[in-house]
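Residue numbers (full-length UniProt numbering): 1 to 131.
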């Protein structure tokens, strides 16, 4: 059971998706880390200097660490969420199913640059070289 002081606390959640794990922290309004958790993610190396991860695995790890850090608190007291996924990329189709980013030049544009028949720069507004 939480004390009266704990019941009045507001919380903030921070989630960091890294190269080998997902980490999360629950921080109170005073900046104190109340609890933290981490969950490893799988990395595949199908060829030298080429690494892949499963977006489903990453999302499952995000859910796992979030559930761990909020266990036992009043989630209505959460006032903010910070999320960092530096150097992460999840490519999805129109139904939001994950697509592999193919390393082959001949199919690269099909897997990465084309969304619904448009160059991704046209549909997202983020400019890069479209070929």
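The C-beta atom is built at its ideal place from N, Cα and C for all residues, glycine as well.
Item, Value
"Have a look at residue 64 and residue 39 and give me their C-alpha separation to the nearest angstrom.", "7 Å"
"Suppose only complete runs of 4+ residues qualify. What are the alpha helix (DSSP H) ranges in the UniProt domain \"Carbohydrate kinase FGGY N-terminal\" (11-99), listed by chain order?", "55-70"
"Applying the 10 Å Cβ sphere with the 16-neighbour rule, what's the burial state of residue 81?", "exposed"
"Cα-Cα, which of 49, 23, 95 and 94 is closest to residue 60?", "23"
"Give me the residue from 25, 15 and 11 with the minimum Cα distance to residue 36.", "25"
"At the level of alpha carbons, what is the spacing between residue 93 and residue 27?", "35 Å"
"Tell me the rounded alpha-carbon separation between residue 58 and residue 50.", "18 Å"
"Within 10 angstroms of the Cβ of residue 15, are there 16 or more other Cβ atoms? Answer buried if so, exposed if not.", "buried"
"Given a cut-off of 7 Å on the beta-carbon distance, is the pair residue 13 and residue 85 in contact?", "no"
"Should residue 75 go down as buried or exposed, given a rule of 16 or more other Cβ atoms within 10 Å for buried?", "exposed"
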